[in-house]
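All remarks here apply to the structure that follows.
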DNA sequence: GAGCCCATGTAATCAGTTACATGATTAC
DNA sequence: GTAATCATGTAACTGATTACATGGGCTC
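Protein chains in written order, with the numbering used here: chain B, 5 to 185; chain G, 5 to 185.
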């Protein structure tokens, strides 16, 4: 895509919290970041090797019982420094990209029903996502009662909530506007 | 990226409204779609040739006074059929990707001030975008009074408004949460 | 003559997904 | 035995941006 390769940052970030293998890093990203960030194995494994070569990670072969051996990576002081450096830098904003809006904007070439169906499908998918966010929120608020220091995870979940709720509201608005046209 | 190539659809869509050259198509996309869709020349010109080869577009060389000649493309009946077909198909939802949220989620490794600065920068950029949307909205509502059929453009602008407003609200919420931590 | 807009295109580069390959272990 | 999970990796493909090249005409 010729946008800069950011794969190393989620990896460094995840490894700043615990030592993990590539396979486990993938799982953590899916569990914790997947609603706003994703990485595939095809990116993770080569990046891990590179980061190790650059001295941002150390690695250790670990034997497991009942499972294959794994290579566990550990972030180095140099790796932490790079992570902190990146955290300081201005955020590169990525552009929105929405096939739904693209279809909507050429909606005059199909039936209103078709367009309304697309909007409705979108709304249903959002409702599910919103429910997930609400579950995350409840869990995080419980944790936060004991550890009021790290509200960061909660803040990202609130972003999801706000976004999905706004989009649901927009769906209602859009359906109303298209209904009597 | 291995996500399917959609470049042809904005091109067909734009050409369903007026006959244009590649250069003009780029301008139209920037003017009308850029807040949720973008295409570069590197995609547009090769795609135009391909669409012409497939018979979805016709082309004509047009001389201009005071400007270089241009190749104006015109959508064919076959092209319109492909556009309508795509409009019927279910929307492929693309994933959110946010470097801001990524930085936030590892925010415990830097100062609260740094994170708040990122959020604040984001909020300022959103305010500008929101103002733009409001201008678009006013213009479109004026047009809509005379032509109450095609509310589609307006609906996409309302999406922008809703999204940006929600994100601004989230910024306030986030700053408050981070403020007393 | 410098710099900008119009106009079209290609090449280089890279991001990122998907498919494929391999192999261990566990559970049915 | 076969499917599922754990674990690691490579190769193929392609989407998409950016840079580069070219050239006409306009404005200062």
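Yeah, the Cβ is synthetic: ideal placement off N, Cα and C, and Gly gets one too. Bear in mind that the values here come from a model prediction, so they are computed numbers and not experimental data.
Residue range of the unbroken beta strand (DSSP E) whose run includes residue i
i, result
"residue 64 (chain G)", "61-66"
"residue 167 (chain G)", "Run containing residue 167 (chain G): none in the beta strand (DSSP E); it sits in the alpha helix (DSSP H), 156-183."
"residue 116 (chain G)", "That residue, residue 116 (chain G), is in no beta strand (DSSP E); its alpha helix (DSSP H) goes 116-150."
"residue 10 (chain G)", "No beta strand (DSSP E) contains residue 10 (chain G), which DSSP labels as neither H nor E."
Pair within 8 Å by beta-carbon distance, residue i and residue j
i, j, result
"residue 172 (chain G)", "residue 131 (chain G)", "yes"
"residue 159 (chain G)", "residue 180 (chain B)", "no"
"residue 77 (chain B)", "residue 37 (chain B)", "no"
"residue 126 (chain G)", "residue 87 (chain B)", "no"
"residue 182 (chain G)", "residue 50 (chain B)", "no"
"residue 103 (chain G)", "residue 98 (chain B)", "yes"
"residue 74 (chain G)", "residue 27 (chain G)", "yes"
"residue 119 (chain G)", "residue 16 (chain G)", "no"
Cross-strand partners of residue i (DSSP beta bridge)
i, result
"residue 51 (chain B)", "Residue 51 (chain B) pairs with nothing; no bridge assigned."
"residue 95 (chain G)", "The partner list for residue 95 (chain G) (beta bridge, DSSP) is empty, contrary to what the question assumes."
"residue 40 (chain G)", "Beta-bridge pairing links residue 40 (chain G) to no other residue."
"residue 78 (chain B)", "B:62"
Whole-angstrom C-beta distance between residue j and residue i, which should lie under 8 Å
i, j, result
"residue 24 (chain G)", "residue 18 (chain G)", "7 Å"
"residue 106 (chain G)", "residue 94 (chain B)", "With 8 Å as the limit, residue 106 (chain G) and residue 94 (chain B) do not qualify as a contact, their Cβ atoms being about 14 Å apart."
"residue 30 (chain G)", "residue 48 (chain G)", "6 Å"
"residue 113 (chain G)", "residue 115 (chain B)", "Contact doesn't hold; Cβ gap of about 52 Å is too wide."
From the options, residue whose alpha carbon lies closest to that of residue i
i, options, result
"residue 100 (chain B)", "G:105, G:126 and G:40", "G:40"
"residue 141 (chain G)", "G:164, G:182, G:120 and G:150", "G:164"
"residue 62 (chain B)", "B:84, B:43 and B:68", "B:84"
"residue 81 (chain B)", "B:60, B:116 and B:110", "B:60"
"residue 128 (chain B)", "B:161, B:148, B:169 and B:114", "B:169"
"residue 9 (chain B)", "B:162, B:31 and B:54", "B:54"
"residue 91 (chain G)", "B:122, B:91, B:92 and B:79", "B:122"
"residue 11 (chain B)", "B:20, B:43, B:35 and B:162", "B:43"
"residue 161 (chain G)", "B:148, B:175 and B:20", "B:175"
"residue 167 (chain B)", "B:67, B:69, B:137 and B:56", "B:137"
"residue 108 (chain G)", "B:157, B:22, B:148 and B:151", "B:157"
"residue 7 (chain B)", "B:66, B:56, B:58 and B:96", "B:96"
Segment limits, alpha helix (DSSP H) that includes residue i
i, result
"residue 107 (chain B)", "103-109"
"residue 82 (chain G)", "81-92"
"residue 32 (chain G)", "26-32"
Check: residue i C-beta below 7 Å from any heavy atom of the ligand FAD
i, result
"residue 89 (chain G)", "In the structure on display, the ligand FAD does not appear, and there are no ligands present to speak of."
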